[in-house]
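**Student:**
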Amino acid sequence: MGPEPEKSFRPWVAWLIASVWAAVALVVLIAVRIHPATTADISVNTRKIAFRTNATHLLQAGDHAQLLISGVSAVQIRFGVEQPIRLDSKILRATSLNAEGDSLASCSFYQVRSGGFDVRGPAVITLQLSEGEQTKAFSLRTHGEISDELSSLPAQPGLPSAFECRGLRVLGKQIGTVEGAFYPQGGDTVFLSTSSDARLDSSIGQHSSVGDTQIPILGELRFSEVEPRSSGEKSVLLEPAAEISFDKTNKKVTLKPADLLVVTPKSDFYLRQLKVTDGIHLSLYGKVRDVRTGAGANAMATVLPSAFDQADSATRLLGAIVALTGVVLGILEKMGLLGRK
Amino acid sequence: MNPGVFAQIEGMKTFENRKEGTNVHPNAAPDFALIAVHRNFEMFPRNAVLHVRFFLPPPAANATRTIFLEAFELQDSFHYFMQATGLDKWKDAGWKIFEPWPTKDVIDNLGLEPANLGVLAHYETDGAPKVYLPVDVYQNDSQFKAKPYSFHFITARDLQALDVSVANEKGVVFRLPRLQLTCNTKYNPDCKLYSAGSAQAFDLDMSMLQPGTYHVKLLGRIPGNLTPSSADFVVYHAR
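Residue numbers (the numbering used here), protein chains in the order written: chain G, 44 to 384; chain Y, 26 to 264.
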């Protein structure tokens, strides 16, 4: 009786098993390294946000202790009762005032209620907490014309409802300062529109808040600014730490304080809610192409789940079955149970 | 505003006579940062070729000076920045023209509005403050009438009042129409004339002054603060 022939892998079986494992390894490697667009849910508190939008209306109605607007192109005031208006040194009594301005004209309105801002066409909006001494104050810069309808609030002791404007033309004549008080019981109305580059600064009323919902975001969001003295990119995020979760996976990322954050939307990305309080609280939702974060501008990395993370359980099971098939083939071959023909 | 604007221009591009694009540039670090001084600014359409003219005074003896010509957005949305290059060729005094500056390269693509463009010319000499040179910005060559200068600046603090005065190099204050801007504290004791971080402007008529170097002094009152904010800009007034 001759020696039992050694059970060795036939070349084609060995190649088949190696190919199955190599293919599985390659697919896993690629899936781990690519980060397809996915849906993100982001909560952020920030000092500043700049975004491009095609929203037609911004900010819900709210009371303003002072609303200062630079870049007033037109203003129309309707008084319920004839009011004195000062045009430089001249005083006239009128029930209405129409005036035109330009990018250098400005108006302040005291104790007024704003209906929010209508935006004409796509605009770049920069919303920022006030850099000044006052608390609960913010600025809104626009690249794109906006308009607003205001109504005067009843005067409070020591705080009349009033307006003052600079650099306007009234009846075609350039006027240095136009100012006056609204009717003390309130209810006078103001319509104003801005030039294509304007800035609004608001001190919010004591019991008022400013916010909005469902604002479409069209471009990248970068939560940083450049520090003038160092020219370095600095985070504008505030406590509590930003949280990012992704719909298809259970992956949840909590940023470290003062991390930089860049969000690149893909489509249907919304500022779901915005609220100005001790910071600008944002809830963002939609499909993102990338979300990068890091300790510095040169240390940014994506936190988007990989294709492997995003693969559903059926896909992973299929991959496991393919890999197991290779193992089973090897065992069967070793046991000589695979046909020899 | 033109539809389809907001093309993203990342970073600075180098052209034959300038660098132009988007760049983060420092501003508002001091109490006041000057961002433009215009003598005349002609509005322009898309696809214009701009020229910038300014008067360069005689250099001080044995002093090396560096000339700067820059442009910014007044209300910053895109971080637009332009810096002219090769200005060191101008050694002598006289009217200088920077050209060409085609808007199609960057300005049109970004969708910048002419009214939001600020141009700032100045020179620096070792050990001396910057000297600002009011500029004419135009598309078609024309001799402009002397007009009040428009000073565009960014304030780093909330301001309740701003006082602008002009003095010569000996400190003599001139009786120009003095600018004293203020918000009405009867309407709100904490009223703001200008908000911190905002770009603002004032006009100053220096046409009755002899050509020369002058100090434009800004004194701002901050709401609820006794310490004022201030600045002193040196301007060369030419005719």
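Using N, Cα and C, we set each Cβ at its ideal position, and we do this for glycine too.
Only a predicted model underlies this, so the values are computations on that prediction, with no experimental measurement involved.
1) Which runs of the beta strand (DSSP E) at least 3 residues long sit entirely within the region 123-181 of chain G? Give them in chain order.
2) Helix, strand or coil, according to DSSP, for ALA74 of chain G in the structure here?
3) What are the boundary residues of the beta strand (DSSP E) that ILE85 of chain G is part of?
4) Can you give me the start and stop residues for the alpha helix (DSSP H) that ILE132 of chain Y sits inside?
5) In chain Y, which residues lie less than 9 Å from GLU376 of chain G when you measure between Cβ atoms?
6) Determine which residues of the region 350-362 of chain G have a Cβ less than 9 Å from any Cβ of chain Y, and write them out in chain order.
7) Assuming ASP255 of chain G and LEU147 of chain G are in contact, meaning their beta carbons sit under 8 Å apart, how far apart are those beta carbons, in whole angstroms?
8) In three-state DSSP terms, what is GLU276 of chain G?
9) Helix, strand or coil: how does DSSP classify MET233 of chain Y here?
10) Spell out the partners DSSP gives ASN65 of chain Y in its beta bridges.
11) By alpha-carbon positions, which one of G:VAL346, G:VAL279, G:ILE260 and G:SER190 ends up nearest to VAL118 of chain G?
12) Considering only the alpha carbon of each residue, which of G:ASP333, G:ASP84 and G:LEU361 lies closest to VAL67 of chain G?
13) What are the residues of the region 181-195 of chain G that lie near chain Y, defined by any Cβ-Cβ distance shorter than 9 Å?
14) Between the beta-carbon of ASP183 of chain Y and the beta-carbon of PRO248 of chain Y, is there less than 8 Å?
15) Going by DSSP in three states, LEU187 of chain Y sits in which element: helix, strand or coil?
16) Given a cut-off of 8 Å, decide if VAL71 of chain G and PHE351 of chain G are closer than it, judged by their beta-carbon atoms.
17) At the level of alpha carbons, what is the spacing between LEU75 of chain Y and VAL162 of chain Y?
18) Rounded to a whole number of angstroms, what is the C-alpha to C-alpha distance between GLY36 of chain Y and PHE258 of chain Y?
19) Would you kindly work out how many angstroms separate the C-alpha atoms of LEU391 of chain G and GLN257 of chain G, rounded to a whole number?
20) For PRO28 of chain Y, count neighbouring Cβ atoms within 10 angstroms of its own Cβ and tell me buried if that reaches 16, exposed if not.
21) Along the region 237-248 of chain G, where does the CB come closer than 8 Å to a CB of chain Y? Name the residues.
22) How many Å lie between LYS172 of chain Y and ILE60 of chain Y at the Cα?
23) For chain G, check one thing: does any of its Cβ atoms lie closer than 8 Å to the Cβ of SER232 of chain Y?
24) Secondary structure at ILE247 of chain Y, three-state DSSP: helix, strand or coil?
25) Once you ignore the five residues that flank PHE31 of chain Y on each side, which residues in its own chain have a CB closer than 6 Å to its CB?
**Tutor:** Walking through what the data contain:
1) 133-143, 149-162 and 166-172
2) Numbered from its first residue, the first sequence carries residue 74 of chain G at position 31. It is helical.
3) Sequence index remark: in the first sequence, residue 85 of chain G carries index 42 (1-based). Segment 81-89, the beta strand (DSSP E) holding ILE85 of chain G.
4) If you number the second sequence from 1, residue 132 of chain Y lands on position 107. Run containing ILE132 of chain Y: 132-135, per the alpha helix (DSSP H) assignment.
5) To locate residue 376 of chain G, count along the first sequence from 1; it is residue 333. Within 9 Å Cβ-Cβ: nothing; GLU376 of chain G doesn't reach chain Y, min ~57 Å.
6) none
7) For the purposes of this step, residue 255 of chain G is taken as residue 212 along the first sequence, with counting starting at 1. For the purposes of this step, residue 147 of chain G is taken as residue 104 along the first sequence, with counting starting at 1. Not confirmed; about 28 Å, so no contact.
8) The residue labelled residue 276 of chain G in the question sits at position 233 within the first sequence. In this structure, GLU276 of chain G counts as strand in the three-state DSSP scheme.
9) Residue 233 of chain Y sits at position 208 when you count from the first residue of the second sequence. Three-state result, MET233 of chain Y: coil.
10) Taking the second sequence and counting its residues from 1, the one referred to as residue 65 of chain Y is at position 40. For ASN65 of chain Y, which the question treats as bridged, DSSP gives the partners Y:ASP161.
11) Counting from 1 along the first sequence, the entry for residue 118 of chain G is found at position 75. Ranking G:VAL346, G:VAL279, G:ILE260 and G:SER190 by Cα distance to VAL118 of chain G puts G:SER190 first.
12) In the first sequence, residue 67 of chain G corresponds to position 24, counting from 1. Ranking G:ASP333, G:ASP84 and G:LEU361 by Cα distance to VAL67 of chain G puts G:LEU361 first.
13) SER182, ARG184, THR185, HIS186, GLY187 and GLU188
14) Counting from 1 along the second sequence, the entry for residue 183 of chain Y is found at position 158. Counting from 1 along the second sequence, the entry for residue 248 of chain Y is found at position 223. Yes, Cβ-Cβ distance for ASP183 of chain Y and PRO248 of chain Y is below 8 Å.
15) Indexing the second sequence from 1 puts residue 187 of chain Y at position 162. Here LEU187 of chain Y sits in strand by DSSP.
16) As a first step, residue 351 of chain G is located in the first sequence; it is residue number 308 there, counting from the start. As a first step, residue 71 of chain G is located in the first sequence; it is residue number 28 there, counting from the start. Yes, these two residues count as a Cβ contact at 8 Å.
17) In the second sequence, residue 75 of chain Y corresponds to position 50, counting from 1. In the second sequence, residue 162 of chain Y corresponds to position 137, counting from 1. Looking at the two C-alpha atoms, the distance is approximately 7 Å.
18) Residue 36 of chain Y sits at position 11 when you count from the first residue of the second sequence. Residue 258 of chain Y sits at position 233 when you count from the first residue of the second sequence. Looking at the two C-alpha atoms, the distance is approximately 30 Å.
19) For residue 391 of chain G there is no data in the structure shown, the boundaries of chain G being 44 and 384.
20) In the second sequence, the residue the question calls residue 28 of chain Y occupies position 3. Because the pLDDT of PRO28 of chain Y is 38, which lies under 50, any placement of that residue in the model is unreliable, and the number read from its coordinates should be weighed accordingly. Classification for PRO28 of chain Y: exposed.
21) SER238, SER239, ASP240, ALA241, ARG242, ASP244 and SER246
22) Here residue 172 of chain Y refers to the residue found at position 147 when the second sequence is read from its first residue. Here residue 60 of chain Y refers to the residue found at position 35 when the second sequence is read from its first residue. If you take the alpha carbons of LYS172 of chain Y and ILE60 of chain Y, they lie about 19 Å apart.
23) Here residue 232 of chain Y is taken as the residue at index 207 of the second sequence, counted from 1. It does not: the Cβ of SER232 of chain Y has no partner Cβ on chain G nearer than 8 Å.
24) As a first step, residue 247 of chain Y must be located in the second sequence, where it is residue number 222. Three-state DSSP puts ILE247 of chain Y in coil, outside helix and strand.
25) In the second sequence, the residue the question calls residue 31 of chain Y occupies position 6. Residue placement at PHE31 of chain Y cannot be trusted, given a pLDDT of 46 that sits under 50; what the coordinates show is reported in the next sentence. GLY136.
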